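What follows is a single structure, written as C-alpha cells, with notes after it.
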Amino acid sequence: MALQGRAPSVWGRYGRLLIWLAAVAGPVAVAAILVPARGHLSAADDALILVVVTVAIASSGRRGAAALAALVSAASFDFFLTRPYESFRISRQADLTTELLFVVVGLLVGELAARGQRHRRDAAEGRLDLSRIHDMAERIAGGEEPDFVLMAVASELRDLLALQDCRFVWDPPSGKGAWIDPDGTVRLNPLKWPTTSVGLPTRQVELPVRGAGRTLGTFILTPTPTLPISHERCLVAVALADQLGSALSARSDLS
C-alpha cells in the first residue's frame, strides 16, 4: 500500500489546476454567452444561471476556488449583465445585493462541500484502519508465526503513519524523547504533542509492544516531518502493536 504523504499524482495536480481555471473562466464565459439575451432575460434569471456555475465549482470541495468563483461571478454579472454595461459601476441597490449573494452562496456551498468531502475521507480511512486490525487478528488466530506477524505489523505501521522507517527492538522503551501512550496520545518529554496539526515529533518516536501485562519490545518509528497524523491513526498503531504483543507473549508461553 502506498504511503500517505507521497507527492500528489499528476492527475491530482492537473485536477486542482483545472478547478482553479474553471473558477475564473467559467463565470466569465457563461456571462459572455448571456450577453445576446440580456434584453430577453431578467437580471434574476441571469443571476440564477451564474449561481448554478458558482455552485458547480464550489461542489469540488475547495473553499478557495468556491470563493474565487463567487467573486468572478459577481464581477461578470456586474460587467456584462447590469447597466451600465461593460462597466464595473453599480447603479442599482438590487444589483449590489445580488452580487453579495453570489459571494455568500459560493462560500456556503464551498464550506458544505469541503465538510462533506472530509467526512467521506474520514469514513474511508476508518474502514481501512478497521480492516488493518481485522487482518492482523486473522493472521494471529490462524497461527501465523510471530516473526511474520512482526513484519506485517511493521509494514502496516509504515503505511498507517506514513513513516520513513520502522524497526523493532527487543528493548523496553527508553522513556526519553517522544513516545505513543496506550491511549494514542503522543508525548514529548512529557508534553502532549499535537500530531493532527504538525505530525509526529523529532526524528524517532517509540511505540511500546505490550503483551501479557508486560512490555516485550519497542517499535522505533522514523516519521515524515510535519505530516499531520490523526489521533485515530495513533490509536490504531497502538492496537496493532498490542496484537503483536499478544502473538509474542503466546509464543513465550508455549516455549
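Start counting at 1 in the sequence shown, then tack on 26, and there's your number in the numbering used here.
All C-beta atoms in this analysis are idealised placements derived from N, C-alpha and C, irrespective of residue type, glycine included.
All values derive from a computational prediction rather than experimental measurement.
Can you give the Cα-Cα distance for LEU60 and CYS260, rounded to whole angstroms? Residue numbering aside, residue 60 sits at position 34 when the sequence shown is read from its first letter. Residue numbering aside, residue 260 sits at position 234 when the sequence shown is read from its first letter. Put simply, the backbone Cα of LEU60 is about 54 Å away from that of CYS260.
Could you please give the first and the last residue of the uninterrupted beta strand (DSSP E) stretch that includes VAL135? Within the sequence shown, the letter at position 109 stands for residue 135. From DSSP, VAL135 is part of no beta strand (DSSP E) but of the alpha helix (DSSP H) over 119 to 167.
With distances taken from CA atoms, which of ALA73, PRO62, GLN269 and ALA63 is nearest LEU127? Here residue 127 is taken as the residue at index 101 of the sequence shown, counted from 1. Cα-wise, what sits closest to LEU127 is ALA73.
Per the contact definition of three or more C-beta pairs closer than 8 Å, is the segment 262 to 278 in contact with the segment 213 to 226? Contact fails: fewer than three Cβ-Cβ distances are below 8 Å.
CA-to-CA distance, ARG277 to GLU170, given in whole angstroms: On the sequence shown, position 144 is the one that residue 170 refers to. On the sequence shown, position 251 is the one that residue 277 refers to. If you take the alpha carbons of GLU170 and ARG277, they lie about 11 Å apart.
Of the listed residues VAL262, LEU274 and ILE45, nearest to ILE159 (C-alpha basis): As a first step, residue 159 must be located in the sequence shown, where it is residue number 133. Of VAL262, LEU274 and ILE45, the residue nearest in Cα terms is VAL262.
Check for me: the beta strand (DSSP E) holding ASP197 runs from which residue to which? On the sequence shown, position 171 is the one that residue 197 refers to. Neither: ASP197 is in no beta strand (DSSP E) and is coded neither H nor E.
Same chain only: Cβ atoms within 6 Å of VAL50, ignoring 5 sequence neighbours per side: As a working note, residue 50 is residue 24 in the sequence shown. For VAL50, where only same-chain residues beyond five positions count, the Cβ hits under 6 Å are VAL98.
Could you check the C-alpha separation between CYS192 and LEU226 for me, to the nearest Å? Working through the sequence shown from its first residue, we reach residue 192 at position 166. Working through the sequence shown from its first residue, we reach residue 226 at position 200. CYS192 and LEU226: Cα-Cα distance of roughly 13 Å.
One question on the structure: do GLY237 and LEU274 come within less than 8 Å of each other, judged by their Cβ atoms? Counting from one through the sequence shown, the residue named residue 237 turns up at place 211. Counting from one through the sequence shown, the residue named residue 274 turns up at place 248. Closer than 8 Å, so yes.
Taking the C-alpha atoms as reference points, what is the distance between THR108 and LEU187? Position 82 of the sequence shown, counted from the first residue, corresponds to residue 108. Position 161 of the sequence shown, counted from the first residue, corresponds to residue 187. Taking C-alpha positions only, THR108 is separated from LEU187 by approximately 54 Å.
Under 8 Å, do VAL77 and VAL131 count as touching if we go by C-beta distance? Against the sequence shown, residue 77 aligns to sequence position 51. Against the sequence shown, residue 131 aligns to sequence position 105. Note that the C-beta distance between VAL77 and VAL131 is below 8 Å.
Jot down the residue ranges of each uninterrupted beta strand (DSSP E) in the segment 181 to 240, minimum 3 residues, whole runs only, in chain order. For the segment 181 to 240, whole beta strand (DSSP E) runs of length 3 or above, ordered along the chain, are 189 to 195, 204 to 206, 212 to 214 and 231 to 237.
With the cut-off set at 8 Å, would you say ALA57 and PHE114 are in Cβ contact? Taking the sequence shown and counting its residues from 1, one reaches residue 57 at position 31. Taking the sequence shown and counting its residues from 1, one reaches residue 114 at position 88. Their beta carbons are not under 8 Å apart, which means ALA57 does not touch PHE114 by this criterion.
Hey, how far is the Cα of LEU122 from the Cα of GLY52? Position 96 of the sequence shown, counted from the first residue, corresponds to residue 122. Position 26 of the sequence shown, counted from the first residue, corresponds to residue 52. One Cα belongs to LEU122, the other to GLY52, and the distance between them is close to 21 Å.
Assuming SER103 is part of the alpha helix (DSSP H), what are its boundary residues? On the sequence shown, residue 103 is found 77 positions in, with the first residue counted as 1. Per the sequence shown, the amino acid found at residue 103 is Phe instead of Ser. 89 to 107 is the extent of the alpha helix (DSSP H) around PHE103.
Check the Cβ-Cβ distances between PRO249 and every residue of chain C, and say whether any is below 8 Å. Of the protein chains in this structure there is only one, and it is not chain C.
So, are the CB atoms of PRO199 and GLU232 less than 8 Å apart? To locate residue 199, count along the sequence shown from 1; it is residue 173. To locate residue 232, count along the sequence shown from 1; it is residue 206. Going by C-beta atoms, PRO199 is nearer than 8 Å to GLU232.
So, at 7 Å on beta carbons, what are the nonlocal neighbours of HIS66 in its own chain, with the 5 sequence-adjacent residues on each side left out? Position 40 of the sequence shown holds residue 66. Once the five neighbours on either side are set aside, HIS66 has no close Cβ partner at all.
What first and last residue would you give for the alpha helix (DSSP H) that runs through LEU76? Position 50 of the sequence shown, counted from the start, is the residue given in the question as residue 76. Segment 69 to 84, the alpha helix (DSSP H) holding LEU76.
Rounded C-alpha distance that separates ARG32 from ALA93: Translated into positions along the sequence shown, residue 32 becomes position 6. Translated into positions along the sequence shown, residue 93 becomes position 67. Its pLDDT being 41, under 50, ARG32 is placed unreliably in this model, and the value from its coordinates should be taken loosely. When only Cα atoms are considered, ARG32 and ALA93 end up about 28 Å apart.
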